[in-house]
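S.K.: In the order they appear, the protein sequences are chains W and Z.
Residues in the first sequence are numbered from 37 upward in steps of one, following this note's numbering.
Residues in the second sequence are numbered from 3 upward in steps of one, following this note's numbering.
Glycine is no exception: its CB is placed at the ideal position from the N, C-alpha and C atoms.
Quick one: the structure is below, questions incoming.
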Amino acid sequence: MRSFLKPGAIVSAIVVLLFVAIVAAPQLFATHDALEGVAVDKFHAPSLTYLFGTDNLGRDIYSRVIYGAYLSLVSAAAAVGVGVVIGGLVGLLSGFIGGALDFVLMRVVDVLIAVPGILLALIVVASIGFGTWSVALGVGIGAAGAFARIMRSQVVRIRNEEYVEAARTLGVRWPAIMFTHVLPNSARPMIALAALELGSAILSVSALSFLGFGAQPPTPEWGSLVSSGRDFVAIAPWLSILPGVVILVAVLAVNRLSRAIGGDK
Amino acid sequence: MSGVLLAVSNLQIDYGTGSKATHAVRGVDFEVQRGAIVAIVGESGSGKSTISQALVRRLAEGGAIVGGGIVFDGRDLTALPERALRHIRGAQIGFVPQDPSNSLNPLIRVGEQIAEGLRLHKKLSKTDAAAEAVRILDEVGIPNPAARAQQFPHELSGGMKQRVLIGMAWSCSPQLVIADEPTSALDVTVQRQVLDRLESLARDTGTSVVLVTHDLAVAVDRADHIIVMRHGQIVEQGSVEQVLVNPTDEYTRELVAAAPGLSSSRLQPRPVGVSEKLTLAFRRNAGGTPTILEVEKLTKTYSLRGPAGRTQLVAADSVSFAIPRGGTFSIVGESGSGKTTTARIAARIVEPDSGVIRFDGDDISALRGEELRQLRRRIQVVYQNPFGSLDPTMTIERIITEPLRAFRVGSRAQQKDVAHALLDAVRLAPELASRRPVQLSGGQRQRVAIARALALGPELLVLDEPVSALDVSVQEQILQLLVDLQAEFGLSYLFISHDLGVIRQVSDRIAVMQFGRIVEQGDAGELLAQPKEQYTRDLLESIPGRRAQ
């Protein structure tokens, strides 16, 4: 609990809350329209009117970042959700049933972990089609291996706890034991890992969008904002740099906070 | 060699600082005479171990001596610099730790571990120290000491390791040895040998001993002077006779009454307040065969993979016994005797290799799946460790009603009523229903485990060491509760324990197990009064508290 009181953790918590608010109500934060630009104001340097400057179509980058937060952050969260559900299920079955199933599932997990997550996500996106949600699915599957391993190790430990055997001698059926005893007692490390994975999921989703696999223009998304600014980096460096800084801040804040949740300093 | 060796005055020890500090020891005064054995007796949390650690200034993290003095041989240990203390620890004050399995370095041969202290404090040469180490091993009663000195700790049994540690404590001829629960991790017969060794060493060398123990009977057997502690304070101290025969403090009286070694009679049932709401699944057991559970020729062999290849461990070797309905059948034995395996086979948790189990006249050895699950309504288990057998994420009410949910008995409201009625029956306050296991003491948790086992109205309870993880006075309460519930509900018990002192308080019939076999069984009174087998006599003699009788 004490680690929550460290200044770094408090600042991170505030930043994360701010991002949550932006996702929930972007219109409160945006100063301009995200899609319609003012043509005469193109390549405007950052100023009080245009906080992050404007792009080649005169669109306000700050407002585009604000509206893009929804896709970037929600798809990252969805990716983690996919990882938790798939990994959790695989780990639960593998650890609880054991035997041949455990062997087969764990070898699949070994393969998942051996292939770099971003590459795995690329394969998934390439096979099911472009778009933010396929990116989320791909990143989630890439992270599922780690979740499965954590879950399995927890389940194997919990399965041998005395209260599980006690439940069996009380006459509780196996499925009930799984959901009332094993699952709740395995949840804690999964939550800690999910928080940690959220940071890297933001990064992965942005990276895939940057490469053009995610949201298609003109939909605002952080990775694609950085990417489209690249063409004008000589005359308008803020187009790439400022959205990049936002990604950096988001990832740092989430990581710092997840470390506070995970319990170490 | 007389006079005061150690004088502790107004000692105060805190854990933590400021407003969060816990006062573990609150103003303790006592003296240890040269050559005397002083026992500090108390339950967990009484501060007895804290004192023993403070005497060598080795408090656990966060602990600090905040007041008072410890004068050892004319020097105040609380004021001494750390460097000077190093020459006292080991050389003048020896320490015997609680758990022998964690106290020896697993990578160093035991002889070398003793020799290390000798070279350091007595400045012996390498060869002299090695020879002296062998002599010490011999002195503490380890057979074939020269060969044992060359072995690693894992090659020694628990009792031998504790003897090695006792040898280490005495190796530099200290003036004082502090022994913190030196035998609580050991079997009863080994416990006696180790304590015998410790006592004779103390008497022969004239070393003073501070013996910290939770077991008043051990203190009575071994000490000259007894200090009884509770909540960080001394409630009573005096000679053994004074404490035992004429205790002035109420708590001491309770402890004397509760010590299993000191009271030999069977507990008498007292009425239980049972609410009428406890009718849902509940039957008061009356009918059925006179023998509720009968096992015939149970055999179970485990094959272990050790360093010397596969070895066969016979946990149960042709075990047969019968449990009378409404009575308590107890199995007593030391660790590795197979008593727990036998109980687990009888409760159909472990499959036997061969043998027959009959419950209420029916063969249940081959029951599977749903039939076996239905049997759980009639046979329930209470485990040894109340810290492990309750799911930490559940509330007490959910824990107690879990068997009702498993068998879909009653509505939610009815289940809640049953939980409260059961809490009442095991003498727990109804407010506890919404708490979680961590917020309960060990004794309270074991009551919850008993309430849960009773929820479906079983006929037979298998009690696997149900009190051995609890403090003595709590043990007594739980045993009394079990006896009361048995009379109230007509329950039959299969009771497993390593402690004959506990067994004789609750049993109607007793079986003594050793190496997987029942060496002797019979009526409790008869078996305890006239044991036929040597091993049973050994066990009986190992119960501490003989000096009191």
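Where Glu114 of chain Z and Leu57 of chain Z are concerned, what is the direct C-alpha to C-alpha distance, given to the nearest angstrom?
M.R.: 27 angstroms
S.K.: According to a CB-to-CB cut-off of less than 9 angstroms, which residues of the stretch 198-209 of chain W neighbour chain Z?
M.R.: Glu198, Tyr199, Val200, Glu201, Ala202, Ala203, Arg204, Thr205, Leu206, Gly207, Val208, Arg209
S.K.: Please find out if some non-hydrogen atom of the ligand FMN comes closer than 7 angstroms to the beta-carbon of Glu197 of chain W.
M.R.: Only the bare structure without any ligand can be found here, which leaves the ligand FMN out of the picture.
S.K.: With distances taken from CA atoms, which of W:Gly44, W:Ser222, W:Ile159, W:Pro256 is nearest Ser129 of chain W?
M.R.: Here residue 129 of chain W is Leu; the residue named in the question, Ser, does not match the sequence. For Leu129 of chain W, the nearest C-alpha among the options comes from W:Ser222.
S.K.: Give the DSSP bridge partners of Glu522 of chain Z, in chain order.
M.R.: Z:Val514
S.K.: Using 8 angstroms as the limit for Cβ to Cβ distance, is Ala228 of chain W near chain Z?
M.R.: Judged by the 8 angstroms Cβ criterion, Ala228 of chain W is not in contact with chain Z.
S.K.: Taking the runs of the beta strand (DSSP E) that are 3 residues or longer, which of them lie wholly in the stretch 119-146 of chain Z?
M.R.: none
S.K.: Give me the subset of the stretch 332-363 of chain Z whose CB atoms are less than 7 angstroms from a CB atom of chain W, sorted by chain position.
M.R.: Ala349, Ile351
S.K.: Leaving out five residues on either side along the sequence, give the residues of the same chain with a beta carbon under 8 angstroms from the beta carbon of Leu269 of chain Z.
M.R.: Leu481, Gln482, Val485, Gln507, Val508
S.K.: Put Lys301 of chain W into one of helix, strand or coil per three-state DSSP.
M.R.: Its pLDDT being 40, under 50, Lys301 of chain W is placed unreliably in this model, and the value from its coordinates should be taken loosely. Here Lys301 of chain W sits in coil by DSSP.
S.K.: Going by DSSP in three states, Asn291 of chain W sits in which element: helix, strand or coil?
M.R.: helix
S.K.: Count the CB pairs spanning the stretch 82-97 of chain Z and the stretch 168-186 of chain Z that are closer than 8 angstroms, and state whether there are at least three.
M.R.: yes
S.K.: Compute the distance between the beta-carbons of Ala149 of chain Z and Ala135 of chain Z, then report whether it is under 8 angstroms.
M.R.: no
S.K.: Taking the alpha carbon of Tyr199 of chain W as the reference point, which residue from Z:Asp355, Z:Glu157, Z:Phe389 has its own alpha carbon closest?
M.R.: The shortest C-alpha to C-alpha distance from Tyr199 of chain W to any of Z:Asp355, Z:Glu157, Z:Phe389 is the one to Z:Phe389.
S.K.: Would you report the Cα separation of Val142 of chain Z and Ser51 of chain Z, rounded to the nearest angstrom?
M.R.: 24 angstroms
S.K.: Can you give the beta carbon distance from Ile366 of chain Z to Arg360 of chain Z, rounded, assuming they're within the 8 angstroms contact cut?
M.R.: Correct: roughly 7 angstroms between the Cβ atoms.
S.K.: How long is the line joining the alpha carbons of Ser436 of chain Z and Leu442 of chain Z, rounded to whole angstroms?
M.R.: For Ser436 of chain Z and Leu442 of chain Z, the gap between their C-alpha atoms comes out near 11 angstroms.
S.K.: Is it the case that the Cβ atoms of Ile39 of chain Z and Leu167 of chain Z are separated by a distance below 8 angstroms?
M.R.: no
S.K.: Within 10 angstroms of the Cβ of Ala81 of chain W, are there 16 or more other Cβ atoms? Answer buried if so, exposed if not.
M.R.: exposed
S.K.: Could you check where the beta strand (DSSP E) with Ala38 of chain Z kicks off and where it finishes?
M.R.: No beta strand (DSSP E) holds Ala38 of chain Z; DSSP gives it neither H nor E.
S.K.: Can we say the stretch 245-253 of chain W touches the stretch 60-73 of chain W, given the rule of at least three CB pairs closer than 8 angstroms?
M.R.: no
S.K.: Verify the CB distance criterion: does Ala408 of chain Z have a CB-CB separation below 8 angstroms to chain W?
M.R.: Cβ-Cβ to chain W under 8 angstroms: yes for Ala408 of chain Z.
S.K.: Chain W beta carbons: is any one of them nearer than 8 angstroms to that of Val469 of chain Z?
M.R.: no
S.K.: Between the alpha carbons of Ser21 of chain Z and Gln55 of chain Z, how many angstroms are there, rounded?
M.R.: 24 angstroms
S.K.: Can you find a CB in chain W that lies within less than 8 angstroms of the CB of Leu392 of chain Z?
M.R.: yes
S.K.: Residue range of the alpha helix (DSSP H) that Val481 of chain Z falls in?
M.R.: According to the sequence as given, residue 481 of chain Z is Leu; it is not Val. Note, Leu481 of chain Z: alpha helix (DSSP H), 474-491.
S.K.: Hey, does His80 of chain W have any beta-carbon neighbour from chain Z nearer than 8 angstroms?
M.R.: no
S.K.: When you compare the CB of Thr19 of chain Z with every CB in chain W, is at least one pair closer than 8 angstroms?
M.R.: no
S.K.: Buried or exposed: which applies to His68 of chain W, given that a residue is buried once 16 or more other Cβ atoms fall within 10 Å of its Cβ?
M.R.: buried
S.K.: Can you check whether the C-beta of Glu404 of chain Z is within less than 8 angstroms of a C-beta belonging to chain W?
M.R.: yes
S.K.: Is it the case that the Cβ atoms of Phe331 of chain Z and Ile520 of chain Z are separated by a distance below 8 angstroms?
M.R.: no
S.K.: Short of 7 angstroms in beta carbon distance, which residues of its chain neighbour Glu336 of chain Z, apart from the five on each side in sequence? Order them along the chain.
M.R.: Asp189, Val190, Thr191, His500
S.K.: Which of the three DSSP states is assigned to Ala75 of chain W in this structure?
M.R.: helix
S.K.: In its own chain, which residues sit with a C-beta less than 8 angstroms from the C-beta of Met37 of chain W, not counting the 5 before and 5 after it?
M.R.: Here the model assigns Met37 of chain W a pLDDT of 46, short of 50, so the residue's position is not dependable, and the following value carries that caveat. For Met37 of chain W, where only same-chain residues beyond five positions count, there are no Cβ hits under 8 angstroms.
S.K.: Does DSSP classify Ala324 of chain Z as helix, strand or coil?
M.R.: It is a strand residue.
S.K.: Can Ile90 of chain Z and Leu61 of chain Z be called in contact, C-beta distance under 8 angstroms?
M.R.: No, Cβ-Cβ distance for Ile90 of chain Z and Leu61 of chain Z is not below 8 angstroms.
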